[in-house]
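> Before we start, here is the structure in question, set down as structure tokens.
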Amino acid sequence: MSYEWDVAINKAILNNSPKVHKILEENPYIKDVASELRETKNRVLDDIDAYISKTQKSVEKLGGHVHIAKDSTEAMEIVKEILGEKRKIVVSKSNVLYEIKLREELENEGMDIWETDLGEYLVQLNKDMPSHLVAPAIHLTKDKIGKLLNENLDSSINENTSAEEMVSRVRKFLMEKYLAADAGITGANAIAADTGSVLLIENEGNIRIDTVLPQTHIAITGIDKIVPTLKDAFNEVIVQASYAGYYPPTYINVTSGPSATGDIELQRVSPATGPKEFHLILLDNGRKEAINSDIRESLLCIRCGRCYFSCPSYKLYGKDFGDSPYTGPTGIMWSAITSKKYDKSMLCMHSGGCKEVCPMDINIPRMIERIKFRYMEES
Amino acid sequence: MDINKKRIEKMRDLIFQNLMDSYLPFPLDTKLYSSWANNIPNSGDTVIYTSYMYQISGILKRYEALFPKIYRLNIPKRLMTASKFLIKPKDEELQRAFRILKSITSMLSGSGVNFGYLYDQEPYSGALLLESGFIKEYKEYGEKLYSFFNSKGIKNIITVDPHTTNALKRYKDFIDFDIDVKNYLELVKFKGSGNYVIHDSCLYSRAMGMYSDIRNKVNNSGLSIDENYLITSKEMGSCCGGPLSLVSAQDSEEVSRARAEKLLSVNENVLVMCPLCYENLSPYINNIKDLAEVVS
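Structural data, given as structure tokens:
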């Protein structure tokens with residue numbers, strides 16, 4: 037454990053864990069919603085193909101496009117086909133985008149692609165990987181951030197520059213990228229099968245711009261993000277935001293197909309001001325196989341990231357406890373699902389705090405134990 | 260952090276062979292370790308079961324330190340049961356373990372519980388196999404263990420530490436293991452005094468869901484307990500580092516040190532309920548006690 041990481045993780049825990057505890061104490065309905073959501077997500081897993089099909093029909097009815105990708109390679113082929121000649125891309129924080137190595141591959145093709153979440157932007161500048169699902173740059177100190185921005189963005193920034201000034205300078209840079217972008221690529225916090233809506237929560241406002249300003253919006257997410265109804269999707273984002281310590285979330289973005297207007301004789305016309313194209317890529321990448329396995333419960337995870345702060349292994353190893361972007365207790369499960377990597381489960385101390393704080397009541401220690409069994413049994 | 264799987268496999272094979280040969284993970288002087296008891300019947304369908312955990316907790320780290328050497332020297336498995344590898348605890352460590360076991364026994368008797376003891380025939384529980392992920396070996400040894408208990412007519416087991424409790428209770432998830440397992444904390448009432456911070460056993464308090472029951476019993480006993488949400492709550496309480504020692508002794512010690520520091524920020528007097536937690540934390544804490552040392 038480095039001194040910097042020790043300081044960073046302890047600060048993050050101090051700033052986050054009591055806050056989440058308070059949010060849940062003051063808003064007891066959230067635990068009830070979480071409990072209901074667990075049942076709902078289990079129902080979807082029982083009949084995943086039907087829900088994928090329903091989502092597809094709903095999105096197409098709105099004028100959007102749905103693509104099914106069985107793995108990362110297929111997902112990237114679809115993305116490249118959609119992008120065609122488009123070279124200027126803005127992306128918002130998403131672990132699935134890391135899962136399919138989207139930025140890395142598009143950068144290699146010479147595209148001008150930028151992370152627009154501040155934490156992810158810093159991770160991009162640092163040629164690094166995120167250290168937490170929700171807070172990707174908690175491993176970077178303000179001094180380190182100052183140095184990164186000095187070397188990569190503005191030589192007038194130094195260690196004495198205030199955080200406010202740093203944020204302001206990044207905002208100015210990103211605004212130029214938003215205005216020039218041909219496509220905005222996002223993940224999704226929830227997908228409503230009945231309406232085909234993609235829900236995204238955030239606090240910075242970058243996702244709102246990513247999904248509205250460029251003329252093409254591509255949302256890429258795992259099939260585990262599908263819930264039956266728009267109400268369920270709102271439930272999922274509220275639970276995720278609350279357990280991540282953001283209540284109320286500053287923005288909840290709902291995207292139901294490309295932009296449209298009904299202002300001329302109430303006839304729906306698309307596009308209007310926002311994107312003219314909307315694509316939803318639904319990624320399997322091991323998820324369906326996991327439904328029928330002994331780690332199925334892992335798929336209920338909504339990736340709030342709360343389990344990280346109750347985990348002694350994460351506190352010790354940081355992002356080395358897992359395989360980025362899937363780190364921490366939940367990352368051990370997601371790495372097993374999406375890349376069949378089991379080795380880091382051996383670093384689990386079965387402390388069990390992860391289960392206690394999980395909004396979906398996933399028996400994470402039991403899941404990790406089974407992944408350990410897999411690791412020891414594989415030749 | 261790279262995992263040395265070959266070393267782990269070697270250790271697994273060694274422990275497993277010892278268990279299948281002798282019911283012990285490594286050579287142990289069972290006569291010595293069972294000498295704390297002298298007037299408990301060696302019969303009956305209910306037994307108190309130590310799995311030698313309190314008695315050997317002081318020497319486990321020395322055995323763990325041997326494993327990398329065994330791996331590097333590639334010592335044949337058959338030589339590992341030789342008596343030269345018999346490590347003995349310090350006398351004061353052993354006497355402390357005996358006092359704890361006598362205290363637990365006394366609390367059980369005082370609570371009207373009748374039980375026998377297997378003395379030097381007591382086998383090891385298999386906890387190390389389960390907790391290390393050696394599932395095939397855990398199941399196979401569990402079947403042997405179940406046959407052993409059946410041959411002795413044992414139907415109820417009273418455990419005294421979290422690792423043994425967990426290992427025995429979990430067997431039924433994988434194999435036939437129709438034996439009722441209760442931990443002594445479920446059976447006893449006790450009184451005590453003093454002001455402490457509790458370092459919970461992760462297995463008792465979270466895996467087995469005993470957090471509230473333990474808090475209730477301790478708070479009703481006369482002991483005064485200091486709490487801090489980030490350090491001692493069920494949600495945020497943390498590990499002593501012990502389970503990591505098979506993968507990295509150095510990392511395990513780092514977790515122990517950090518945990519001790521947090522506990523000491525709440526209270527200089529620390530209470531544990533697990534012999535391994537005691538071993539891992541005691542190098543960093545002056546006044547650390549097992550619950551059975553401060554209540555009766």
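If you read the protein sequences in the order shown, they are chains C and A. Everything in the first sequence is counted per this note's numbering, starting at 37 for the first residue and increasing by one. Everything in the second sequence is counted per this note's numbering, starting at 260 for the first residue and increasing by one. Backbone N, C-alpha and C define an ideal beta-carbon position, used for all residues, glycine too.
#1: Here's the rule I'm using: 16 or more other beta-carbon atoms within 10 Å means buried, otherwise exposed. How should Gly-369/A be labelled?
#2: Taking DSSP as the reference, what is the three-state secondary structure of Val-127/C?
#3: Name the one or two DSSP bridge partners that Ile-256/C has.
#4: Assuming contact is defined by CB atoms lying nearer than 8 Å, are Ser-334/C and Met-369/C in contact in what I supplied?
#5: Quick one: grab the DSSP three-state call for Lys-548/A.
#6: Across the segment 272-287 of chain C and the segment 204-217 of chain C, are there enough close Cβ pairs to call them in contact, namely three or more that are closer than 8 Å?
#7: So, is Lys-324/A buried or exposed, given that buried needs 16 or more other C-beta atoms within 10 angstroms?
#8: At a CB-CB cut-off below 7 Å, which residues of chain C make contact with Ser-384/A?
#9: Taking 8 Å as the threshold, find out whether the segment 226-244 of chain C comes into contact with the segment 48-59 of chain C through three or more Cβ pairs.
#10: Which residues in the same chain as Glu-135/C place their Cβ atom closer than 6 Å to its Cβ, once the five residues preceding and following it in sequence are excluded?
#11: So which of Arg-271/A, Val-525/A, Cys-533/A, Leu-283/A has the shortest CA-CA distance to Lys-403/A?
#12: Taking all protein chains shown into account, do 16 or more other C-beta atoms lie within 10 angstroms of the C-beta of Asp-261/A, making it buried, or fewer, making it exposed?
#13: If we call anything under 8 Å between Cβ atoms a contact, is Lys-395/A one with Glu-413/C?
#14: Buried or exposed: Ala-341/A, going by 16 or more other Cβ atoms within 10 Å of its Cβ?
#15: Decide if Phe-409/C is buried, meaning its Cβ has at least 16 other Cβ atoms within 10 Å, or exposed.
#16: At a CB distance below 8 Å, what residues from the segment 45-75 of chain C approach chain A? Give them in sequence order.
#17: For Lys-493/A, go through chain C and note every residue whose CB falls closer than 7 Å to its CB, in chain order.
#18: Quick check: Thr-257/C and Ala-224/C, are their CB atoms within less than 8 Å of each other?
#19: Would you kindly check if the distance between the Cβ of Asn-539/A and the Cβ of Glu-527/A is under 8 Å?
#20: Could you list which residues in chain C have their beta carbon closer than 8 Å to that of Gly-392/A, in chain order?
#21: At what residues does the alpha helix (DSSP H) containing Lys-116/C begin and finish?
#22: Helix or strand or just coil, what does DSSP make of Ala-296/C?
#23: For Tyr-383/A, does the three-state DSSP call read helix, strand or coil?
#24: Fully enclosed by the segment 513-542 of chain A, which alpha helix (DSSP H) runs are 4 residues long or longer?
#25: For Asn-301/A, which of helix, strand or coil comes out of DSSP?
#26: Under 7 Å between beta-carbons, which chain A residues line up against Tyr-134/C? List them in chain order, please.
#27: Could you work out which residues of chain A lie near Tyr-353/C, taking near to mean beta carbons separated by less than 7 Å?
#28: Beta-carbon within less than 6 Å of Thr-305/A's beta-carbon, same chain only, minus the 5 sequence neighbours each way: which residues are those?
#29: Go to Asp-420/A, then tell me how far its alpha helix (DSSP H) extends in each direction, as first and last residue.
#30: Look at the alpha carbon of Val-529/A and the alpha carbon of Leu-550/A, and state the distance between them as a whole number of angstroms.
#31: How about Leu-482/A: is its C-beta nearer than 8 Å to some C-beta of chain C?
#32: What would DSSP say about His-57/C, mapped onto helix, strand or coil?
#33: Verify whether the separation of the beta carbon atoms of Pro-502/A and Tyr-463/A is less than 8 Å.
#34: Kindly indicate which three-state DSSP category Asn-454/A falls into: helix, strand or coil?
#35: Quick one: residues in its chain with C-beta nearer than 8 Å to the C-beta of Ile-331/C, no 5 flanking neighbours on either side, listed in chain order?
Let me lay it out:
#1: The sequence position of residue 369/A within the second sequence is 110, counting from 1. Its Cβ having fewer than 16 others within 10 Å, Gly-369/A is exposed.
#2: Taking the first residue of the first sequence as 1, we reach residue 127/C at position 91. In the three-state scheme derived from DSSP, where H, G and I count as helix and E and B as strand, Val-127/C is classed as strand.
#3: As a first step, residue 256/C is located in the first sequence; it is residue number 220 there, counting from the start. Within the DSSP bridge table, the entry for Ile-256/C names Ile-317/C as partners.
#4: Position 298 of the first sequence, counting from 1, holds the residue named residue 334/C. Position 333 of the first sequence, counting from 1, holds the residue named residue 369/C. In this structure, the beta-carbon distance from Ser-334/C to Met-369/C falls below 8 Å.
#5: For the purposes of this step, residue 548/A is taken as the residue at position 289 of the second sequence. Of the three classes helix, strand and coil, the one that applies to Lys-548/A here is strand, per DSSP.
#6: The segment 272-287 of chain C and the segment 204-217 of chain C do not touch, with fewer than 3 CB-CB distances between them shorter than 8 Å.
#7: By 1-based counting over the second sequence, the position of residue 324/A is 65. It should be noted that the sequence gives Ala, not Lys, for residue 324/A. Under the 10 Å beta carbon count, Ala-324/A is surrounded by fewer than 16 other beta carbons and is classified as exposed.
#8: Residue numbering aside, residue 384/A sits at position 125 when the second sequence is read from its first letter. Those within 7 Å of Ser-384/A in chain C number zero; the least Cβ separation is about 16 Å.
#9: Output reads no: the segment 48-59 of chain C does not touch the segment 226-244 of chain C.
#10: On the first sequence, position 99 is the one that residue 135/C refers to. The residues are Thr-374.
#11: Translated into positions along the second sequence, residue 403/A becomes position 144. Each of Arg-271/A, Val-525/A, Cys-533/A, Leu-283/A was checked against the Cα of Lys-403/A, and the nearest Cα belongs to Leu-283/A.
#12: Indexing the second sequence from 1 puts residue 261/A at position 2. Exposed: under 16 other Cβ atoms inside 10 Å.
#13: As a position in the second sequence, residue 395/A is number 136, starting the count at 1. As a position in the first sequence, residue 413/C is number 377, starting the count at 1. Yes.
#14: What you label residue 341/A is simply residue 82 of the second sequence in a count that begins at 1. Here the model assigns Ala-341/A a pLDDT of 47, short of 50, so the residue's position is not dependable, and the following value carries that caveat. Residue burial annotation: Ala-341/A is exposed, with fewer than 16 other C-beta atoms found within 10 angstroms of its C-beta.
#15: Within the first sequence, numbered from 1, the residue matching residue 409/C stands at position 373. Classification for Phe-409/C: buried.
#16: Against chain A - using a Cβ distance shorter than 8 Å - the residues of the segment 45-75 of chain C are Ile-49, Leu-50, Ser-53, Pro-54, His-57.
#17: The residue you call residue 493/A lines up with position 234 of the second sequence. Chain C residues near Lys-493/A: Glu-392.
#18: Here residue 257/C is taken as the residue at index 221 of the first sequence, counted from 1. Here residue 224/C is taken as the residue at index 188 of the first sequence, counted from 1. In this structure, Thr-257/C sits near Ala-224/C, with a CB-CB distance shorter than 8 Å.
#19: Within the second sequence, the letter at position 268 stands for residue 527/A. Within the second sequence, the letter at position 280 stands for residue 539/A. The Cβ atoms of Glu-527/A and Asn-539/A lie no closer than 8 Å to each other.
#20: As a first step, residue 392/A is located in the second sequence; it is residue number 133 there, counting from the start. What Gly-392/A touches in chain C: Ser-381, Met-382, Glu-405, Lys-408, Phe-409, Tyr-411, Met-412.
#21: Taking the first residue of the first sequence as position 1, residue 116/C is located at position 80. Start and end: 108-119.
#22: In the first sequence, counting from the first residue as 1, residue 296/C sits at position 260. In the structure shown, Ala-296/C sits in coil (DSSP, three-state: anything other than H, G, I, E or B).
#23: By 1-based counting over the second sequence, the position of residue 383/A is 124. Three-state DSSP puts Tyr-383/A in coil, outside helix and strand.
#24: Here the runs fully enclosed are 534-540.
#25: If you number the second sequence from 1, residue 301/A lands on position 42. In the structure shown, Asn-301/A falls within a coil segment according to DSSP collapsed to helix, strand and coil.
#26: Here residue 134/C refers to the residue found at position 98 when the first sequence is read from its first residue. By Cβ distance, chain A contributes nothing, its closest Cβ being about 20 Å from Tyr-134/C, past 7 Å.
#27: Mapped onto the first sequence, residue 353/C falls at position 317. Result: Met-260.
#28: Here the question's residue 305/A lines up with position 46 in the second sequence. Apart from the 5 residues on each side of it in sequence, Thr-305/A sits with its Cβ closer than 6 Å to the Cβ of Phe-374, Asn-415 in its chain, given in chain order.
#29: If you number the second sequence from 1, residue 420/A lands on position 161. Unbroken run through Asp-420/A: none, as it is neither H nor E.
#30: To locate residue 529/A, count along the second sequence from 1; it is residue 270. To locate residue 550/A, count along the second sequence from 1; it is residue 291. Approximately 10 Å, taken between the alpha carbons.
#31: Residue 482/A sits at position 223 when you count from the first residue of the second sequence. The beta carbon of Leu-482/A sits no closer than 8 Å to any beta carbon of chain C.
#32: Translated into positions along the first sequence, residue 57/C becomes position 21. In the structure shown, His-57/C sits in a helix (DSSP, three-state: H, G or I).
#33: Working through the second sequence from its first residue, we reach residue 502/A at position 243. Working through the second sequence from its first residue, we reach residue 463/A at position 204. No; because the gap between Cβ atoms is not below 8 Å, this pair is not in contact.
#34: Taking the second sequence and counting its residues from 1, one reaches residue 454/A at position 195. In the structure shown, the three-state DSSP call for Asn-454/A is strand.
#35: Residue numbering aside, residue 331/C sits at position 295 when the first sequence is read from its first letter. Only residues of its own chain outside the window of five on either side were considered, and among them Met-369, Ala-372, Ile-373, Met-403, Arg-406, Ile-407 have a CB closer than 8 Å to the CB of Ile-331/C, listed in chain order.
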